[in-house]
Each structure stands twice: as C-alpha cells, then as structure tokens.
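K.L.:
There are 2 protein chains.
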Amino acid sequence: MRTGRRQPERKQKITLAEVAKLAGVSEITVSRVLRNKGAIAEATRQKVMMAVAETGYVPNRLAGSLASADSNLCGVIIPSLSNIVFPEVLRGIHDVLDPTGIQPVVGVTHYDPHAEEKLVRSLLAWKPQAMLIVGFDHTDATRLMLKNSEVRVAELMDIDAEAIDVAVGMSHHKAGADTARHLIARGYRRFGYVGHDWNSDRRALSRHDGLRMTLAENGIDIVDEELFDGPSSTMAGRQSLARLLSRMPDIDVVVFSNDDMAIGGVYHCLAEGIVLKEQLAIFGFNGLEIGEALPQPLSTIRSRRFEIGRIAAEKILESPERSATPLSIDTGYEIVSGGTA
Amino acid sequence: MRTGRRQPERKQKITLAEVAKLAGVSEITVSRVLRNKGAIAEATRQKVMMAVAETGYVPNRLAGSLASADSNLCGVIIPSLSNIVFPEVLRGIHDVLDPTGIQPVVGVTHYDPHAEEKLVRSLLAWKPQAMLIVGFDHTDATRLMLKNSEVRVAELMDIDAEAIDVAVGMSHHKAGADTARHLIARGYRRFGYVGHDWNSDRRALSRHDGLRMTLAENGIDIVDEELFDGPSSTMAGRQSLARLLSRMPDIDVVVFSNDDMAIGGVYHCLAEGIVLKEQLAIFGFNGLEIGEALPQPLSTIRSRRFEIGRIAAEKILESPERSATPLSIDTGYEIVSGGTA
DNA sequence: GCTAACTATGGTAGCGCTGTCATTTTGCAT
DNA sequence: ATGCAAAATGACAGCGCTACCATAGTTAGC
Numbered sequence: 001m002r003t004g005r006r007q008p009e010r011k012q013k014i015t016l017a018e019v020a021k022l023a024g025v026s027e028i029t030v031s032r033v034l035r036n037k038g039a040i041a042e043a044t045r046q047k048v049m050m051a052v053a054e055t056g057y058v059p060n061r062l063a064g065s066l067a068s069a070d071s072n073l074c075g076v077i078i079p080s081l082s083n084i085v086f087p088e089v090l091r092g093i094h095d096v097l098d099p100t101g102i103q104p105v106v107g108v109t110h111y112d113p114h115a116e117e118k119l120v121r122s123l124l125a126w127k128p129q130a131m132l133i134v135g136f137d138h139t140d141a142t143r144l145m146l147k148n149s150e151v152r153v154a155e156l157m158d159i160d161a162e163a164i165d166v167a168v169g170m171s172h173h174k175a176g177a178d179t180a181r182h183l184i185a186r187g188y189r190r191f192g193y194v195g196h197d198w199n200s201d202r203r204a205l206s207r208h209d210g211l212r213m214t215l216a217e218n219g220i221d222i223v224d225e226e227l228f229d230g231p232s233s234t235m236a237g238r239q240s241l242a243r244l245l246s247r248m249p250d251i252d253v254v255v256f257s258n259d260d261m262a263i264g265g266v267y268h269c270l271a272e273g274i275v276l277k278e279q280l281a282i283f284g285f286n287g288l289e290i291g292e293a294l295p296q297p298l299s300t301i302r303s304r305r306f307e308i309g310r311i312a313a314e315k316i317l318e319s320p321e322r323s324a325t326p327l328s329i330d331t332g333y334e335i336v337s338g339g340t341a
Numbered sequence: 342m343r344t345g346r347r348q349p350e351r352k353q354k355i356t357l358a359e360v361a362k363l364a365g366v367s368e369i370t371v372s373r374v375l376r377n378k379g380a381i382a383e384a385t386r387q388k389v390m391m392a393v394a395e396t397g398y399v400p401n402r403l404a405g406s407l408a409s410a411d412s413n414l415c416g417v418i419i420p421s422l423s424n425i426v427f428p429e430v431l432r433g434i435h436d437v438l439d440p441t442g443i444q445p446v447v448g449v450t451h452y453d454p455h456a457e458e459k460l461v462r463s464l465l466a467w468k469p470q471a472m473l474i475v476g477f478d479h480t481d482a483t484r485l486m487l488k489n490s491e492v493r494v495a496e497l498m499d500i501d502a503e504a505i506d507v508a509v510g511m512s513h514h515k516a517g518a519d520t521a522r523h524l525i526a527r528g529y530r531r532f533g534y535v536g537h538d539w540n541s542d543r544r545a546l547s548r549h550d551g552l553r554m555t556l557a558e559n560g561i562d563i564v565d566e567e568l569f570d571g572p573s574s575t576m577a578g579r580q581s582l583a584r585l586l587s588r589m590p591d592i593d594v595v596v597f598s599n600d601d602m603a604i605g606g607v608y609h610c611l612a613e614g615i616v617l618k619e620q621l622a623i624f625g626f627n628g629l630e631i632g633e634a635l636p637q638p639l640s641t642i643r644s645r646r647f648e649i650g651r652i653a654a655e656k657i658l659e660s661p662e663r664s665a666t667p668l669s670i671d672t673g674y675e676i677v678s679g680g681t682a
C-alpha cells in the first residue's frame, strides 16, 4: 500500500474530491461552482452547495493559487506600526483591496532597509499580485528584486525620486519649502526646529531640507534646532521644545518634524502659560485629527495618507502589467492655517 | 507537442529545476540547501548558492507550503485601523512573528461580524499556522469554522467570555468597576459619561456596564450620558462633553469611553477655562502616550495592548496543538491616577 | 578486512487545485 | 425527425515544491 504515504495521521482534510463525490459530480464542476466560472446548471449548483455545506469544505488557496498562478495576495511593507500615519495608509489600501478579495500580507521594516530587503524577498515568494511599499529608501538588492519580479510595485508617501513602477505621494521637500514660505508670509523671522530621528525618517529630513533651503533663500537662518534621538512622540516633542526654549528663549516660531512632536510642543506651551502664536508659534506636519481638536487647532500641513493608500492600490490593480515608464502621482497636501501659527 | 500547455507565454520563471541543472545537482538538494535541512556538503552548498544568485531564483512558497502542508502564514483580524490601539496590538504580534518568518495576513472587519465571517473563511483557505482575532463577538458560523479548523486561535483584548482556544486580554467589565471604585474613593459623586458607538465597540459597553453597576452598588447613579453616534475621536469627545455640560453643568466627574474621547474632553476644558479636577474631573481608558504628555496627564486605565499581541502570538506558537480546555490569560491593567481626576 | 553506522544525494509520488480540450446533453429552428 | 450551435460536464495533466524512501560513498570499530 503506497497511499497515504506522508503524514500517515494527517488530518482527514476535506478536499474537492470528497465534495465532488458527495455531490455526485466531478471535481472540476465543484471548482467551477465555487468560483462562479463557466456555465453551471442550477440543479447542479444546488447539489454542490449542499455538499459544500454538509462537509464544511474550506478550499485550499495554496493549491488553487499554485494551479492558476495567481495568488490573490498583495505585499504591503510599512516602516512602523507605532505611528498612526502608516495604519492610515494601510486603511486606504485595505478599502480598495477588500472588495476584490485580495488579501494584504503586511511587513514592518522598523525603518531598516535590510529588514525591508528580507521582507521583500519573502513576500515575493508568495507570488503576490502587487507590492506596496513605503518610501524609496531601498537597498540595491531590493530594487533589483522588485524590478525583476514582474509584479506591480507602488512606492508610497514620497515622489521625490524615480519610481520603480508607480510612486504615489507628495513632495516632502516642497512641503518643507511651503512651510517656510507660509510662515515667512505670516511675519515670523526667528525660526526654531524640533525634530526626531532623521536616520529612520528620511521624509522628515526632506521636509527639513526644503524648509532650510527656502528660509536661506529669504535670508533667514534656523536659529536653533533640537533633535530627539528616537521615534517621534508627544512627550519627545514636549521635552525637546522645553530644551530648545531654555537655550533660545527669543525664537518666535518652531517648526516640528510632525504633528506628534508639535502637539507635545503645544502641551509645553499650555503647561508653561506661553501664549500660542503671540509668544510662540508652532507648526507641525501630517494634519492629525487630534491636532485639529485642540483648543487652538494646530497649524500644520495635511498630507493625504488615506488617499495615498487608496490611489496606490487602485493604480496597481488597474492592470497587471507595469507601465512602460515609471509613473509618479502627486496627491498633494494642504496647508492648514490653524490657530498656532 | 504538449509541453508548455498553459499560458504559452507564461513568464519564463526560474524554478528549482533550473537552479538544480545549473548547479549540477538534483532539485531536492537545492531545496535542502535553501531550507538548511538535512546534511549538505559545504562544496555542494556553495555550488547551489552560486546558482541561486546567478539565476536570481525566488522560491515559490505556494508550492512549498502546499507540498509540506505548512504555510507560514498567520491570519490576524482586527476591527479597525483608524484607532491606534489595534496597530499597537498588531505590533506586539509582529514582534513575535518576525523572527520566526511567519507572515501576518491582516483583515479588518470594521466591527462587522459578517465581514469577520467572510474574512475568517478566506483566511482559513490559506491554511494559516494560527488565527489571531480581536474580541468574542463572532457569528455562529465563524465560531464553528474556527473550532473545526484545527488551527490555533487566539481571541484578543477581552477575557470576559469563554475562548475557543486561547483568550488574551483583560476584563473590561472589571475595569469599568474599578474606575467607579477609584473615582468614588477620590470623592466624586456626580458622574457623567461620554461615549461612542456601543454597537461596534462592545468592550466600551462592557466597561460602561461595570462602571454603572458598581456605582449603583454604592448608591450612585450616572447623572447624564452623552453618546456620540460614530467611532471615537478627539473631536467627538470635545463636542460631546460640551453638550453634556450644557445640559448638566453641575457634574463633577465625566468618564469617557476611551482616551481619544477623553482628550477631546480635556481640550474642551482647556478651551473653556474649566479647571480640570477642581471644577471637572475627566477619566479615560487606554493609557495612550498622548494623554500622558498632557500638561496634566490624563487619568485613565492603561491597557497592555502591545503585550496582548505579544503574549497571544507567543502562546499560539508554543504548540501547534490546541490546549485541551480553553485558556484565558489576564494581562491586567493599571489605574493611572494622572492629573485630571 | 568486513560489517555497522553515518553522511550525502537522488528518484519519485504526490500536495489540492485549475487550465485546456474533449465529450455529452440540451434547446430550438427547420 | 434532423441538424447544429450552445450549454453542461468531465478527463487529465501539471503548477513547483517537499516528504518519503532508497542508494551510494565514507568512516569507524573490532
């Protein structure tokens, strides 16, 4: 007897064959019923559905995908789950994938390009329908794998570099520049900056560069900067602003690397009785809901995170073929005047 | 000629066979090298690795998992991506899965048990190693599928019901009760409540029940409640508190359904010049970082979201077999006295 | 020198599906 | 009846891997 050669005690799994036998039809017919493919007589469909219900059959997508060379999986790679912005992008992606039945497999890099490389490698092994990946900050190997993989690739959040296939996002450099222009127009001249770890968050660095360059073009220097060595957080923003002000009390506006940090700055002012805008202006980045609800809504730039996810997913699903030339989609942003600057 | 029968122009994919031919060994040897399985001579390993590098071979996990009946995929089902708490749980899960190479496939239910059912069905089709799912609020069909699936199942966040396999979380009912006791001990007697949509967030309802019951045991009624018909948000909290106070100005403490809402309440007080704690006390739930950084740190209950994810994932990986009797792990919580109550 | 016990490698048969093509059955105009 | 297209169904091979078993080469023990 050679049957049942492997895993002698393998769980007596229900397969198409059993369902087919019970329904008195062939396997392929069951398969067709389950996939709504091809013409099926109503009576047959019912017989099959009953057999499916009776057996509690659960199809094996591993087998199905292998046979049809079409996995219904989609790789999503984000840098972090600690910050609400990436889950928001994920949400946009999810909203588009959900009705199509494509399932996201999520990887988190912790801002480490080598971790990203490993992730890309192992996600590609699932023959995904597409790969959605945050940023341009890849290793050469990663870029090569993605290029060779023939799957659609979307790079998210940023459009300041050449895409592999499609990039969906905004120019962070330009956002930094616009921040400078906006604040100069409002009369601020003595700029401070409070940021977090640039090594991980390249986009924050990009904004800072845009800010600094445009200020410089207008003959303005950043008076002082305080960089927190770690991920952004409200507490880090609060403490960093305190340190900055103790060194340089006569700054009149502080640009923060993002809203988390900026809200911390607002909290510092509230705690110290510093009158926002009059004594000190604060400007963030992201446009989080929690900044909007502040007594004085946070002045910031609202990025369109949900849309970035949504549009990227849509673009990628549009066609299984990569576009001939890399495409870059600018989702733009909005300057929120707010009440703190 | 029957070869290349399907997808005549199918991408000339590199398979184990090509690598094997190039390396001058058999397929199985390549497979073993790649999986570090069985004894391989160093010279052979090198030959194989060179062939792999040369061809840019990417293994096909669909085939591998099908053959070995072992998918390395893990289903994760959460209600929402809009609230930071679920990404935090995801992070805990991710931290454990990452080193094992198991990849999470994420589904989002939007608090809809039928959406959850569909997700469970389609995730089970991937023959996942385990399923991690938030809450107990399943349809009968969902519960049945999970029970029959033979995969390990962890239900997260809550332990107030019987688990299918393992539950990891805390008692929300008890947290509500402890909130009541804590606030009574601090001398508060005129209680208000501000909440959000209970139909979706059953755990918030559970906390409310615990609060109300324990207050009642102490002869205290909730004076007035304001329920926002939608998901929790800072803005909703702010506006709801305003409405509550306009009806009932002489309340001395308001319990919020969670920190997002409570922080909105704090903002309202800051905006209206209501002195926190003295004129009005505010109490939240979750223990978000952003509440901690407030000028007066938010009084709240800190749930251990990251740990819930971590412990659940660890428990599930411990053994591929389900425990004989359902297990319930209480990760507890911590009352944060804070500065607002 | 000869068996025992490894170590290293290969042959082969599926895993559970689906694509292709062939075949049978039906509907309907003639 | 008759013919013919369309509708239903089925047979079969194979997707790319890995488990199982077999075999060849290598060392050790006595």
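First to last, the sequence lines map onto chains C and F. Residues 1 to 341 (my numbering) make up the first sequence, in order. Residues 342 to 682 (my numbering) make up the second sequence, in order. Note that the Cβ used here is the ideal one computed from N, Cα and C, for glycine as well. All of these numbers come straight from a predicted model, not from anything done at the bench.
Can you tell which of Lys-127(C), Asp-160(C), Ser-240(C), Glu-27(C) has the C-alpha that lies nearest to the C-alpha of Glu-150(C)?
P.N.:
The residue you call residue 150(C) lines up with position 150 of the first sequence. When each option's Cα is compared against that of Glu-150(C), the closest is Lys-127(C).
K.L.:
Return no unless some Cβ of chain C is closer than 8 Å to the Cβ of Met-576(F).
P.N.:
Taking the first residue of the second sequence as 1, we reach residue 576(F) at position 235. Yes - at least one Cβ of chain C is within 8 Å of the one on Met-576(F).
K.L.:
Thinking C-alpha only, which one of Leu-629(F), Arg-531(F), Ile-657(F), Leu-568(F) is nearest Ala-622(F)?
P.N.:
Here the question's residue 622(F) lines up with position 281 in the second sequence. That would be Arg-531(F), whose Cα lies nearest to the Cα of Ala-622(F).
K.L.:
Using a Cβ cut-off of 8 Å (strictly closer), state whether His-435(F) contacts chain C.
P.N.:
Translated into positions along the second sequence, residue 435(F) becomes position 94. His-435(F) counts as touching chain C.
K.L.:
Between Gly-38(C) and chain F, is any beta-carbon pair separated by less than 8 Å?
P.N.:
Indexing the first sequence from 1 puts residue 38(C) at position 38. No, its Cβ sits nowhere closer than 8 Å to a Cβ of chain F.
K.L.:
With a threshold of 6 Å on Cβ separation, who are the neighbours of Arg-543(F) within its own chain once the five nearest residues in sequence on each side are excluded?
P.N.:
One-based indexing of the second sequence puts residue 543(F) at position 202. Within the same chain, Arg-543(F) has close Cβ partners Asp-478.
K.L.:
Apart from the five residues just before and just after Met-391(F), which ones in its own chain have a Cβ nearer than 8 Å to its Cβ?
P.N.:
Residue mapping note: residue 391(F) aligns to position 50 of the second sequence, counting from 1. So the list reads Ala-364, once near-sequence residues are dropped.
K.L.:
Measure the CB-CB distance between Gly-571(F) and Ala-603(F) and report whether it falls below 8 Å.
P.N.:
Position 230 of the second sequence, counted from the start, is the residue given in the question as residue 571(F). Position 262 of the second sequence, counted from the start, is the residue given in the question as residue 603(F). The answer is no: Cβ separation not under 8 Å.
K.L.:
Within 8 Å (strictly less), CB to CB, does Ile-290(C) reach chain F?
P.N.:
Walking along the first sequence from the start, residue 290(C) turns up at place 290. True, the Cβ-Cβ gap to chain F drops below 8 Å.
K.L.:
Locate the beta strand (DSSP E) running through Gly-397(F), then write down its first and last residues.
P.N.:
As a working mapping, residue 397(F) is identified with position 56 in the second sequence. Neither: Gly-397(F) is in no beta strand (DSSP E) and is coded neither H nor E.
K.L.:
Using a Cβ cut-off of 8 Å (strictly closer), state whether Asn-148(C) contacts chain F.
P.N.:
Position 148 of the first sequence, counting from 1, holds the residue named residue 148(C). Yes, contact with chain F.
K.L.:
Is Ile-623(F) near the ligand HEM, going by C-beta to nearest heavy atom under 7 Å?
P.N.:
The ligand HEM is not among the ligands present in this structure, which contains no ligands whatsoever.
K.L.:
Run the CB neighbour count on Gln-7(C), radius 10 Å, all protein chains shown included, and call it buried at 16 or more, exposed below.
P.N.:
On the first sequence, residue 7(C) is found 7 positions in, with the first residue counted as 1. Note that Gln-7(C) has pLDDT 41, beneath the 50 cutoff, so the model's placement of it is unreliable and the number below is only indicative. Under this definition Gln-7(C) is an exposed residue.
K.L.:
Take Arg-643(F) as the anchor and find which of Leu-611(F), Ala-516(F), Gly-536(F) has the nearest alpha-carbon.
P.N.:
Taking the first residue of the second sequence as position 1, residue 643(F) is located at position 302. Arg-643(F) has its Cα closest to that of Ala-516(F), out of Leu-611(F), Ala-516(F), Gly-536(F).
K.L.:
Apart from the five residues on each side of it in sequence, which residues of its chain come closer than 7 Å, Cβ to Cβ, to Gly-606(F)?
P.N.:
Within the second sequence, numbered from 1, the residue matching residue 606(F) stands at position 265. Val-535, Gly-578, Arg-579, Leu-582, Val-595, Phe-597, Ile-623, listed in sequence order.
K.L.:
With a threshold of 8 Å between beta-carbons, can Gly-264(C) be considered close to chain F, or not?
P.N.:
Locating residue 264(C) in the first sequence gives position 264, counting from the first residue. Output row for Gly-264(C): interface = yes.
K.L.:
Taking Val-447(F) as the query, report the chain C residues whose CB atoms sit under 7 Å from its CB, ordered along the chain.
P.N.:
Position 106 of the second sequence, counted from the first residue, corresponds to residue 447(F). Per Cβ cutoff of 7 Å: Pro-104, Val-106.
K.L.:
With 8 Å set as the bound, which would you pick, yes or no: does the beta-carbon of Pro-128(C) sit closer than that to a beta-carbon of chain F?
P.N.:
Along the first sequence, one-based indexing puts residue 128(C) at 128. Cβ-Cβ to chain F under 8 Å: no for Pro-128(C).
K.L.:
Which residue from Gln-129(C), Gly-309(C), Glu-321(C) puts its Cα closest to that of Ile-329(C)?
P.N.:
Within the first sequence, the letter at position 329 stands for residue 329(C). Closest by alpha carbon: Gly-309(C).
K.L.:
Just curious, the alpha helix (DSSP H) that Leu-668(F) is in, first and last residue?
P.N.:
What you label residue 668(F) is simply residue 327 of the second sequence in a count that begins at 1. No alpha helix (DSSP H) holds Leu-668(F); the beta strand (DSSP E) holding it covers 668-671.
K.L.:
Please list the partners that Arg-61(C) has in chain F, where partner means a Cβ-to-Cβ separation under 7 Å.
P.N.:
Stepping through the first sequence from its first residue, residue 61(C) is reached at position 61. Within chain F, the residues near Arg-61(C) are Ala-466, Trp-467.
K.L.:
How big is the Cα-Cα spacing for Asn-83(C) and Arg-548(F)?
P.N.:
Residue mapping note: residue 83(C) aligns to position 83 of the first sequence, counting from 1. Residue mapping note: residue 548(F) aligns to position 207 of the second sequence, counting from 1. Near 26 Å, if we compare the C-alpha coordinates of Arg-548(F) and Asn-83(C).
K.L.:
Quick one: list the residues of chain F neighbouring Val-58(C), beta-carbon separation under 8 Å, in chain order.
P.N.:
Sequence index remark: in the first sequence, residue 58(C) carries index 58 (1-based). Those within 8 Å of Val-58(C) in chain F are Arg-462, Leu-465, Ala-466, Met-486, Ser-490.
K.L.:
Around the C-beta of Asp-221(C), are 16 or more other C-beta atoms found within 10 angstroms, so that it is buried, or is it exposed?
P.N.:
To locate residue 221(C), count along the first sequence from 1; it is residue 221. Exposed, since its Cβ has fewer than 16 Cβ neighbours within 10 Å.
K.L.:
In chain F, which residues lie less than 8 Å from Arg-238(C) when you measure between Cβ atoms?
P.N.:
As a first step, residue 238(C) must be located in the first sequence, where it is residue number 238. Within chain F, the residues near Arg-238(C) are Ala-634.
K.L.:
Whole alpha helix (DSSP H) runs in the stretch 562-630 of chain F with 4 or more residues, listed along the chain?
P.N.:
The qualifying runs are 575-588, 600-613.
K.L.:
Mark Ser-171(C) as exposed unless 16 or more other C-beta atoms lie within 10 angstroms of its C-beta, in which case mark it buried.
P.N.:
Position 171 of the first sequence holds residue 171(C). Buried, because 16 or more other Cβ atoms sit within 10 Å of the Cβ of Ser-171(C).
K.L.:
So Asp-158(C) is in the beta strand (DSSP E); what residue range does that whole segment cover?
P.N.:
As a working mapping, residue 158(C) is identified with position 158 in the first sequence. Unbroken beta strand (DSSP E) run through Asp-158(C): 152-158.
K.L.:
For the alpha helix (DSSP H) that contains Leu-524(F), what are its first and last residues?
P.N.:
As a first step, residue 524(F) is located in the second sequence; it is residue number 183 there, counting from the start. Taken as a continuous stretch (DSSP letters only), the alpha helix (DSSP H) holding Leu-524(F) covers 513-526.
K.L.:
According to the neighbour-count rule (16 or more other Cβ atoms, all chains shown, within 10 Å of its Cβ), is Gln-620(F) buried or exposed?
P.N.:
Here the question's residue 620(F) lines up with position 279 in the second sequence. Gln-620(F) is exposed by the Cβ-count criterion.
K.L.:
Starting from Ile-676(F), trace the beta strand (DSSP E) in both directions and tell me its first and last residue.
P.N.:
Looking up residue 676(F) in the second sequence gives position 335. Unbroken beta strand (DSSP E) run through Ile-676(F): 674-677.
K.L.:
By how many angstroms is the C-alpha of Gly-416(F) removed from the C-alpha of Leu-119(C)?
P.N.:
Reading the first sequence from its first residue, position 119 is the one you call residue 119(C). Reading the second sequence from its first residue, position 75 is the one you call residue 416(F). Distance between the alpha carbons of Leu-119(C) and Gly-416(F): 17 Å.
K.L.:
Drop a sphere of 10 angstroms on the beta-carbon of Ile-14(C), count the other beta-carbons inside from all chains shown, and report buried for 16 or more, exposed for fewer.
P.N.:
For this step, residue 14(C) is matched to residue 14 along the first sequence. It counts as buried.
K.L.:
Return the first residue and the last residue of the alpha helix (DSSP H) that Ala-404(F) is part of.
P.N.:
Taking the second sequence and counting its residues from 1, the one referred to as residue 404(F) is at position 63. First-last of the alpha helix (DSSP H) with Ala-404(F): 402-409.
K.L.:
When Cβ atoms are compared, which residues of the stretch 503-519 of chain F fall closer than 9 Å to chain C?
P.N.:
Going along the stretch 503-519 of chain F in chain order, one finds no residue with a Cβ nearer than 9 Å to chain C.
K.L.:
Who are the near neighbours of Asn-72(C) in its chain, counting only those whose CB is closer than 8 Å to its CB and skipping five residues on each side?
P.N.:
Counted from its first residue, the first sequence places residue 72(C) at position 72. Excluding sequence neighbours, Asn-72(C) sits near Arg-61, Ser-65, Gly-101, Ile-102, Gln-103, Gln-129.
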